[in-house]
Amino acid sequence: MLGYITRRLFILLLSLFVAAIVLFVLLRLLPGDPANALVGVGATPEQIAAAREQLGSDQPLGVQFLTYLRDLAAFDLGNSFVTRGSILEEISRRLSVTLPLTFAAFFLALVIAVPLGILAAVKADRWYGLLLSIVSQAGIAVPVFWLGILLVYEFSLTLRWLPSGGFPLRGYADPGPAIRAMVLPVLTIAIVMSASLMRYVRASTLDVLDSDFLRTARALGESRAEALMRHGIRNASVPVISVLAIELATAFLGAVVVEQVFSLPGMGSMLLLGIQQRDYPSIQGVLIVTTLLVLLTGFLADLLQRLLDPRLRQGARR
Amino acid sequence: MSRSNARTGKTLTLWLSLVLVGAITLAGVVSFVWTPFALSDMAGGRLEAPNATHWAGTDRLGRDVFTQLMIGARIALIVGAGAVAIGAVIGVITGILAAFATRFLDDALAAFFDILIAFPTLLVAMLVVAAREESSLSTAILALGIGLSPIVGRITRILTKQVLSQDYITAARVCGTSWPVIVIWHILPNIAPFLAVNLALQFGLAVMAEASLSYLGLGAPPPNASWGRMLQEAQGTVYSAPWGAIFPGLALFALVIGINLLADGLRDRFDPSRRSA
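Going down the list, the protein sequences come from chains A and B.
Numbering-wise, the first sequence is residues 1 to 318 according to UniProt numbering.
Numbering-wise, the second sequence is residues 1 to 277 according to UniProt numbering.
Right under this line is the structure:
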């Protein structure tokens with residue numbers, strides 16, 4: 001297991017390195033010199049030259065790349081062109097909105113999708129089993145921002161239970177308003193996400209219900225529910241976990257759009273603002289941190305899968 | 001549920017999907033020659049409810065919503081088809097290359113696909129839009145096509161490897177068939193059905209991503225009507241005019257679910273291993 005973790009950790013670092021190269025190339029492909037964005041329209045050539053020197057964009061590409069890697073290794077993401085503030089501080093401030101949003105939605109989706117997905121598989125021959133699978137099929141096609149707007153219409157504008165958007169300036173120092181501001185965004189992401197999760201849970205459970213080991217357990221006198229609890233869940237969870245990593249990344253993406261619906265000051269709105277203002281260090285910072293989070297999730301999912309499935313560990317030893 | 005019931009259900013959903021996709025395609029095609037009003041024609045009062053003249057009401061500038069929905073269908077289909085075409089060309093070529101390449105290049109390309117897939121399509125598309133001076137229809141298509149290509153590349157690589165391991169490929173090689181001929185005569189026809197199903201699913205993804213891009217203000221600019229931008233504009237007036245936010249969302253929902261069901265139906269037809277299930 002330790003050998004596997006080391007190897008997997010090496011792959012993680014390698015992927016991060018490759019992703020850093022891709023980002024570097026992509027951002028150099030952006031039109032114009034970032035220096036133009038720094039000084040604004042109507043700057044004199046001297047001002048642009050000064051800005052280029054300050055940014056290092058007058059250096060050869062190789063030197064720029066090495067500087068970029070050195071800064072990354074030191075967790076130095078630079079300063080925003082627009083606010084001049086530290087990108088890392090800005091990102092950590094915004095992660096305090098996006099991460100709770102993503103995780104809360106993710107866990108809520110799990111709580112909804114796992115029992116319902118199992119139910120839909122076990123009771124596939126009943127009308128409610130069929131209904132559940134139709135609902136999850138339909139749920140995948142619901143645009144997340146549309147659902148957000150509809151929830152705002154119902155719960156903030158009509159019933160007036162919850163705010164329609166925004167986040168308290170003092171953040172979690174105002175716990176009441178902060179939590180109330182998160183309810184609808186979390187619900188929005190969780191509902192859409194639970195639809196696709198439910199399909200995976202259902203398919204995975206159906207596979208297990210069809211398996212030889214479950215038939216053997218039944219032949220040995222265990223009831224269907226007993227057999228499913230003792231052997232089924234663990235087996236069914238292995239393929240679901242690899243999907244979870246992708247789903248968590250999707251939740252993060254959902255957050256990008258949903259933050260816009262509810263005007264939340266998170267990573268998504270930072271990226272969007274960065275794109276609109278051509279604030280390159282900001283875009284770069286958001287994408288690097290996002291990549292790191294996505295790759296870390298995949299890493300943890302792989303580890304969890306190995307812990308649950310001894311067959312995978314055996315395979316590694318051979 | 002009996003087997004014949006299951007078959008009836010499948011036929012029904014296939015028909016439902018054809019009706020949904022067909023109706024929206026028809027609306028999009030007809031929009032080239034006829035719409036109830038001109039797109040920027042402020043023909044009605046502000047925020048009118050649906051009525052006999054304005055079937056889906058009017059927006060905050062008094063423009064006909066049904067007209068915008070029809071043009072939106074056109075844009076959604078064009079962007080979806082364009083993005084899938086670009087994604088398919090890049091993805092199929094790199095996927096087949098990877099499957100044929102040396103072990104090292106294959107591993108490298110596979111890892112590259114995996115890293116790119118870790119980025120959701122929309123995020124990649126946002127970056128590509130950021131890389132262009134200004135947003136336009138072709139930028140949106142290009143952006144989404146690039147975003148989709150690693151997904152197509154990965155599936156093509158896996159499918160191609162499956163075909164390459166078959167005996168008839170070995171036989172063809174022994175006969176001295178060159179590899180371009182193998183690709184055209186043996187690989188492409190054999191992976192096409194599975195690829196088609198996957199591309200249909202990508203089409204749904206692309207339509208959804210286009211709406212998201214437009215909603216975020218990064219899609220095709222105003223002379224084009226997009227369901228995503230209609231939703232973004234209607235959000236501010238949703239309390240006084242909820243239909244403005246309901247119709248574009250419904251259209252988007254109908255198209256995406258129609259495409260997904262169609263892909264499922266196609267898979268049931270093409271994949272013999274699922275036919276008995």
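By construction, the Cβ of each residue, glycine as well, lies at the ideal position given by its N, Cα and C atoms.
Proximity of residue i and residue j at Cβ, strictly below 8 Å
i	j	result
L69 (chain B)	T25 (chain B)	no
I115 (chain B)	A19 (chain A)	yes
L197 (chain A)	E247 (chain A)	yes
L264 (chain A)	L122 (chain B)	no
L262 (chain B)	V29 (chain B)	no
residue 372 (chain A)	V192 (chain A)	Within the shown structure, residues of chain A are numbered from 1 to 318, placing residue 372 (chain A) beyond reach of any answer.
V152 (chain B)	H186 (chain B)	no
G147 (chain B)	V124 (chain B)	yes
V79 (chain B)	I141 (chain B)	yes
A245 (chain A)	G176 (chain A)	no
V238 (chain A)	D309 (chain A)	yes
G266 (chain A)	R52 (chain A)	no
R218 (chain A)	R224 (chain A)	yes
T67 (chain B)	G44 (chain B)	no
S156 (chain A)	L147 (chain A)	no
I169 (chain B)	I158 (chain B)	no
L27 (chain A)	Q284 (chain A)	yes
I259 (chain B)	F203 (chain B)	yes
Start-to-end residues for the alpha helix (DSSP H) that takes in residue i
i	result
G285 (chain A)	280-308
E48 (chain B)	Unbroken run through E48 (chain B): none, as it is neither H nor E.
S214 (chain B)	188-215
R230 (chain A)	Run containing R230 (chain A): none; DSSP gives neither H nor E here.
A217 (chain A)	212-219
Q68 (chain B)	65-100
N260 (chain B)	243-270
R202 (chain A)	175-209
Classification of residue i by the beta-carbon crowding that lies within 10 angstroms, buried from 16 upward
i	result
M1 (chain A)	exposed
R103 (chain B)	exposed
P223 (chain B)	exposed
S165 (chain B)	exposed
P189 (chain B)	exposed
P45 (chain A)	exposed
W15 (chain B)	exposed
A236 (chain A)	buried
A277 (chain B)	For A277 (chain B), the pLDDT reaches just 41, beneath the cut-off of 50, and the residue's location in the model is therefore unreliable, leaving the point undetermined.
I229 (chain A)	According to the sequence provided, residue 229 (chain A) is Met. The question's Ile does not apply to it. With fewer than 16 other Cβ atoms within 10 Å, it is exposed.
F134 (chain A)	A small fix is needed here, since residue 134 (chain A) is Ile in this sequence, not Phe. With fewer than 16 other Cβ atoms within 10 Å, it is exposed.
Spatially closest choice to residue i from the options, by CA coordinates
i	options	result
L150 (chain A)	B:D59, B:G236, B:V124	B:G236
V243 (chain A)	A:V258, A:A51, A:L300	A:L300
G268 (chain A)	A:V286, A:Q277, A:Y280, A:P281	A:V286
I189 (chain A)	A:A105, A:S156, A:V122	A:A105
I5 (chain A)	A:E90, A:L303, A:S211	A:L303
F23 (chain B)	B:A108, B:L255, B:G80, B:V128	A quick correction: the sequence has Ala, not Phe, at residue 23 (chain B). When each option's Cα is compared against that of A23 (chain B), the closest is B:L255.
V257 (chain A)	A:A227, A:V144, A:V97	A:V144
A225 (chain B)	B:R157, B:R63, B:A200, B:S178	B:R63
L159 (chain A)	B:G265, B:T11, B:Y239	B:Y239
A130 (chain B)	A:T290, A:L308, A:I288, A:L271	A:L271
L216 (chain B)	B:L201, B:G204, B:Q202, B:Q232	B:Q232
L97 (chain B)	B:P36, B:T8, B:W179	B:W179
F112 (chain B)	B:V174, B:S149, B:I86, B:K161	B:S149
V122 (chain A)	A:I275, A:Q59, A:A173, A:S204	A:S204
Other residues of its chain near residue i: CB distance less than 8 Å, five sequence neighbours each side excluded
i	result
V152 (chain A)	S164, G165, L184, V261, F262
I179 (chain A)	none
L39 (chain B)	R63, T67, Q68, I71, P223, A225
L292 (chain A)	L16
Contacts around residue i, its chain only, beta-carbon distance under 7 Å, and the 5 residues preceding and following it disregarded
i	result
L295 (chain A)	L12, S15, L16
F247 (chain B)	A56, V65, L69
V289 (chain A)	I91
G72 (chain B)	A225, S226, W227, M230, P248, A251
T65 (chain A)	Here residue 65 (chain A) is Phe; the residue named in the question, Thr, does not match the sequence. If we look at F65 (chain A) and ignore the five residues flanking it on each side, its Cβ neighbours are F24.
R317 (chain A)	With a pLDDT of 43 at R317 (chain A), under the threshold of 50, the modelled position of that residue is not reliable, and the figure given next carries that caveat. Around R317 (chain A): no qualifying Cβ.
G62 (chain A)	none
P50 (chain B)	A56, G57, W243
S136 (chain B)	A220, P221
Partner residues on chain C for residue i, Cβ-Cβ distance less than 8 Å
i	result
Q260 (chain A)	The chain inventory of the structure shown lacks chain C, comprising the protein chains A and B.
Close Cβ partners of residue i (< 6 Å) along its chain, the five nearest in sequence each way excluded
i	result
I86 (chain B)	G145
M1 (chain B)	With a pLDDT of only 48 at M1 (chain B), under 50, the local geometry of the prediction cannot be trusted, and no value is derived from it.
N198 (chain B)	I155
G82 (chain B)	I141
G139 (chain A)	A195
S136 (chain A)	A195, M198, R199
E259 (chain A)	G266, G268, S269
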